[in-house]
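**Student:** Here numbering that gives the first Met the number 0 is used: the first residue of the sequence shown is 0, the next is one more, and so on.
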Amino acid sequence: MSKADSELFFSVLLERVLHCWPKSIDVKQLHADKSRPDLYVVSGLGAMGDSIAEGFDGEIDAVLVTVLCDAVTSTIRSAALFCTEIEPALLRPDTVRENFEKRLHRAETNPDLGWKEEDILLIRRYFFLNNKRCR
């Protein structure tokens, strides 16, 4: 197996992305819609996630790390309903992975998301390498 392939393993990608997140995130500023409490925003979280993802622009695997940043952001947002501070490194990897892979499937199959053919091929390579390994 090549070094390039080994860098596509979920655990390697997750460690790389989590390294860019702060050790702890204050999620006290939760703004919910009064009529629909399931609709809420964590103040500043989206901008933080976008800023971290932008740091990977231009990387050969940008599609993977950008989608993984979105999955981490989404997982933190979900956890914010139940606590006021979150350490991204303590997120359950299986939860992040499930979210990540759902998003990758969407990126692979929805041309409106704007990913290039080489991005789609990289997504397929990710699934090939990760689905033949034991989780």
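Glycine included, C-beta positions come from ideal geometry on N, C-alpha and C.
Owing to the predicted nature of the structure, the values given are computational and were not obtained by experimental measurement.
Which runs of the beta strand (DSSP E) fall wholly inside the region 7 to 32 and span at least 3 residues, in chain order?
**Tutor:** Runs found: 29 to 31.
**Student:** Helix, strand or coil for I59 per DSSP?
**Tutor:** The residue given as residue 59 occupies position 60 in the sequence shown. Coil at I59, not helix or strand.
**Student:** If you reduce the DSSP assignment to three classes, tell me which class E107 lands in.
**Tutor:** Mapped onto the sequence shown, residue 107 falls at position 108. Three-state DSSP puts E107 in a helix.
**Student:** Looking only at its own chain, which residues have a Cβ that is under 6 Å from the Cβ of L217, when we skip the five neighbours before and after it?
**Tutor:** The requested residue 217 is not part of the displayed model; the chain covers only 0 to 134.
**Student:** Which residue comes first and which comes last in the alpha helix (DSSP H) that contains R91?
**Tutor:** The residue given as residue 91 occupies position 92 in the sequence shown. Note, R91: premise wrong, no alpha helix (DSSP H); not H, not E.
**Student:** For E14, which residues in the same chain have their Cβ closer than 8 Å to its Cβ, ignoring the five residues on either side in sequence?
**Tutor:** Along the sequence shown, read from residue 1 onward, the residue named residue 14 stands at position 15. No residues qualify anywhere along the chain.
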